[in-house]
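Student: Below are the structure tokens for one structure; questions will follow.
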Amino acid sequence: GDSVTQMEGPVTLSEEAFLTINCTYTATGYPSLFWYVQYPGEGLQLLLKATKADDKGSNKGFEATYRKETTSFHLEKGSVQVSDSAVYFCALSHWGGAQKLVFGQGTRLTINP
Amino acid sequence: NAGVMQNPRHLVRRRGQEARLRCSPMKGHSHVYWYRQLPEEGLKFMVYLQKENIIDESGMPKERFSAEFPKEGPSILRIQQVVRGDSAAYFCASSPDTTLTYEQYFGPGTRLTVT
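Chains F and X, in that order, are what the protein sequence lines are. Under this note's numbering, read the first sequence as residues -11 to 101, first letter to last. Under this note's numbering, read the second sequence as residues 10 to 124, first letter to last.
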């Protein structure tokens, strides 16, 4: 079955550092890929998405590129802020029908001032 | 436009009791998903419903768990005879016509504690 693997956390960085959170997937066909963010005590918010190979999703300074050859969708940001502290989830789904999301285990990110 | 609403936000039940979790989707959304998040784990799909229909329940435990999304009112996730292993955060998500968009909008979750 489909699965998503994220780099283990927690990740702690200083403000303005460069961020990479690795995500790889196993899936049949051509899934769509997502990054969700969860702030403390809240539900998940869609951060960015990519629906086909070589697409780049971007939002709020975060970027991720859909790499079919390496089955990866790594999240990057050039300069993190304290407000980026949250848990980040990589996920996939298949277009059409029941679009259930398959999530990775999440990576907790803490940014220190 | 109000977001996805879930209540209660926190629920404490003793072993053997029933837990009812409610989810009101965003206005205009007719598709509802339930996910469970165990401590320090990612979210796991449980069930996908449209109004009055269960479309995919492949992630639901075979016993004690049920879900409905009636024509009127919120979607309900029901857990009978709860056990300690049911302690988790339960998230509901909704979406409009799934042929038009990928995005699922998540509620704040219900944190169930079984004592």
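Beta carbons: idealized from backbone N, C-alpha and C, even for Gly.
If you check the beta carbons only, do X/Lys80 and X/Lys60 fall under 8 Å apart?
Tutor: Their beta carbons are under 8 Å apart, which means X/Lys80 touches X/Lys60 by this criterion.
Student: Mark F/Thr16 as exposed unless 16 or more other C-beta atoms lie within 10 angstroms of its C-beta, in which case mark it buried.
Tutor: Exposed, by the Cβ-count rule.
Student: Quick one, are the C-beta atoms of F/Tyr24 and F/Thr59 less than 8 Å apart?
Tutor: No, they are not a contact pair.
Student: Report all residues from its chain with a CB closer than 6 Å to the CB of F/Val75; omit the five preceding and five following residues, and keep chain order.
Tutor: If we look at F/Val75 and ignore the five residues flanking it on each side, its Cβ neighbours are Gln26, Gly94 and Arg96.
Student: Helix, strand or coil: which one does DSSP assign to F/Val70?
Tutor: Note: F/Val70 maps to helix in three-state DSSP.
Student: For X/Glu66, which residues from the same chain have a beta carbon less than 6 Å from its beta carbon, with the 5 sequence-adjacent residues on both sides left out?
Tutor: So the list reads Val56, once near-sequence residues are dropped.
Student: Would X/Val91 be called buried (16 or more neighbouring beta carbons within 10 Å of its own) or exposed?
Tutor: Buried, since its Cβ has 16 or more Cβ neighbours within 10 Å.
Student: If you check the beta carbons only, do X/Arg23 and X/Leu121 fall under 8 Å apart?
Tutor: No.
Student: How would you label X/Ser104, buried or exposed, when you count the other beta carbons within 10 angstroms and need 16 or more for buried?
Tutor: Classification for X/Ser104: buried.
Student: Taking three-plus beta-carbon pairs below 8 Å as touching, is the segment 69 to 76 of chain X in contact with the segment -11 to -3 of chain F?
Tutor: No, the segment 69 to 76 of chain X does not touch the segment -11 to -3 of chain F.
Student: Tell me which residues of the segment 20 to 51 of chain F have at least one Cβ-Cβ distance to chain B shorter than 9 Å, keeping chain order.
Tutor: Within the model displayed, chain B is absent; protein chains F and X are what it includes.
Student: Taking C-beta pairs closer than 7 Å, name the residues in chain F that X/Tyr42 reaches, listed in chain order.
Tutor: Ordered by position in chain F, the residues that pass the 7 Å Cβ test against X/Tyr42 are Lys88.
Student: Taking the Cβ atom as the reference point for each residue, do X/Tyr114 and X/Met14 lie within a distance shorter than 8 Å?
Tutor: No, Cβ-Cβ distance for X/Tyr114 and X/Met14 is not below 8 Å.
Student: Could you tell me the alpha carbon to alpha carbon distance between X/Glu95 and X/Ile88, rounded to whole angstroms?
Tutor: Here residue 95 of chain X is Asp; the residue named in the question, Glu, does not match the sequence. Each residue's alpha carbon lies about 9 Å from the other.
Student: For X/Pro117, go through chain F and note every residue whose CB falls closer than 7 Å to its CB, in chain order.
Tutor: Under the 7 Å cutoff, chain F gives Glu30 and Gly31.
Student: Pick from X/Leu30, X/Glu50, X/Lys71 and X/His38: whose alpha carbon is nearest that of F/Val90?
Tutor: The option with the nearest alpha carbon to F/Val90 is X/Glu50.
Student: What would DSSP say about X/Asp95, mapped onto helix, strand or coil?
Tutor: Helix at X/Asp95.
Student: Tell me whether F/Val68 is buried or exposed, calling it buried when 16 or more other Cβ atoms sit within 10 Å of its Cβ.
Tutor: Buried, because 16 or more other Cβ atoms sit within 10 Å of the Cβ of F/Val68.
Student: Could you give the distance in angstroms between the alpha-carbon of X/Ile64 and the alpha-carbon of F/Asn100?
Tutor: Each residue's Cα considered, the two are about 44 Å apart.
Student: Considering only the alpha carbon of each residue, which of X/Gly25, X/Asp106, X/Gln46 and X/Gly68 lies closest to X/Val123?
Tutor: When only C-alpha atoms are compared, the closest one is X/Gly25.
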